[in-house]
Each structure stands twice: as C-alpha cells, then as structure tokens.
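Q: First the structure, then my questions, so here it is.
Residue numbers (the working numbering): 589 to 847.
Structure, rendered in structure tokens:
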C-alpha cells in the first residue's frame, strides 16, 4: 500500500498528492456612507422650493420666511432662524418691518441676512403704496384700514396723520402732523381746521400708530381727539374717526364712542 516515507517525506507513486489549503482572503467590510449634512440641507431646500412653486398659499408663515432666508446663507438651519424671527416680531409683517439693528439681535441673524430682510420689507411697503396711489376712494371701512395700515403699521416711532376727505369720501390730502408721542398740543385743532378749509375738505380721519403693537387709546389720545372734534364742529367739518394702528390690529375710537 502506498504510503509516506518517514525519512524523506516523499510519497510513493501510487499515493495521491496532498491537498494544500490556503487561507481565504479577508473580504473588505463594506460600509454605507452616511449622507453629508450639506446634501441633506440641499434636499430639504429643494423640497421646500417645490412646495412653494406648487402651492405657496399652503405654506406656514415660518416656511415662507425660511425660503426667503435661503438667499442669505448657504449652509444653516434657516427653519430655526425663521421661527425665532416670528417669535420675536410676532408676524411676517413684523419681521419685514423691523430695522437691521433689531433683526441682528436675533440669534444667527447676521448683517447680510438682516439687510436682505430690510430690503424686502421696503419693497413690500412700496408695492402696497403703489397699489393705492392716484385718486383714493375711502368710502368703505375696509379701504380706510387698508390705506392706514399700509402707511403706518410698521413705523417705529409714533406718528399722527390727518386724512382730508371730500363729500364723496375721496382723499384730498394726507398730512403728517407729528412724529413722537401724540399729546394734546393746542395747535393741532387749529392747524387741522385751517388745512381742511384750504383744501375744501368736508371731513377728516385722524390716524396714529402705537409702535408697541397695542392699539388701546391712551388718555392723551382721547383728550386730543375731543379737542379736534370740538374745533372741527364749529366749521361744519366732520371727524369720521380716530383710528389707532397697532401690529396686525387697530382700534376705532368712534366705535368705542370715545368722542
């Protein structure tokens, strides 16, 4: 029987050759590459833009503001910034009406982002004014409020305006009387009556804003309105209302029967 020679280590001719076993090569462990943060960000932004293109009216305020912020920063969580801005200023209108300095007080809002928001706010304000330029009919309450809010809702200082109207409630003149805290300065009634007679107005609407956002009339507001109303009545000039404009709201002193 064939076998191995113990001394030489060789095999007889009839013996099958040995089977040499080799070590199996180690296969590399394949790892799934994690998506890069910037890729996830780009995907989110693309989806947000697509949603805006299809149905912009279906988006929440923070989502629209978030898309606007895309232009200001290449890589950042603009959703979080948009929510902080809305929490700080109360509304999209409040954000767009804020100054660059105020905007930069919000976390992650830098000079470039603040400037872009301020520019959009100014463009929006001018667009609203353009819509109501030319002969202005203030014959309905909604038209009066739209006109007043477009000019005063985002002002940072308190201002008093007087709208002078003809018999058809068409706007004849819009004059700013005061910037700063509105008080009961005796000159106001005389100046308003004089100007009304100059332009041939038969009625006036008083309008001023409260930058705090709260349109509640103050004692000074009520006293001033009563003084102006008394002076106008002597010249058969009607005071239709004194409207106080707040942030996204307003108060009619006429409706409250304060004069």
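Idealized CB from N, CA, C, for every residue including glycine.
1) Alpha carbon to alpha carbon, how far is residue 657 from residue 687?
2) If we call anything under 7 Å between Cβ atoms a contact, is residue 700 one with residue 730?
3) Over what stretch of residues does the beta strand (DSSP E) that includes residue 749 continue unbroken?
4) Are there 16 or more other CB atoms within 10 angstroms of the CB of residue 829, so buried, or fewer, so exposed?
5) Counting beta carbon pairs with one atom in the segment 833-841 and one in the segment 791-799, are three or more of them shorter than 8 Å?
6) I think residue 835 touches residue 713, with their Cβ atoms under 8 Å apart; what is that distance to the nearest whole Å?
7) Per DSSP, what are the beta-bridge partners of residue 766 in this structure?
8) Do you know how far the Cα of residue 827 is from the Cα of residue 706?
9) Could you tell me which of 641, 837, 742 sits nearest to residue 709, measuring between CA atoms?
10) Out of curiosity, what's the CA-to-CA distance linking residue 781 and residue 833?
11) Give the secondary structure of residue 636 by DSSP, where H, G and I count as helix, E and B as strand, and everything else as coil.
12) Can you name the start and end residues of the beta strand (DSSP E) that residue 797 belongs to?
13) Kindly indicate which three-state DSSP category residue 694 falls into: helix, strand or coil?
14) Using DSSP with H/G/I as helix, E/B as strand and the rest coil, what is residue 827?
15) If I measure Cβ to Cβ from residue 814 and keep anything under 7 Å in the same chain, skipping five residues before and after, which residues do I get?
16) Residue 695 and residue 681 - do their beta-carbons sit closer together than 7 Å?
A: Let me lay it out:
1) If you take the alpha carbons of residue 657 and residue 687, they lie about 16 Å apart.
2) Against a cut-off of 7 Å, the Cβ pair of residue 730 and residue 700 comes out as no contact.
3) 747-753
4) buried
5) yes
6) The pair is not a contact, with the Cβ atoms about 15 Å apart (cut-off 8 Å).
7) 748
8) 36 Å
9) 742
10) 23 Å
11) helix
12) 791-797
13) coil
14) Reduced to three states, the DSSP call for residue 827 is strand.
15) 847
16) No.
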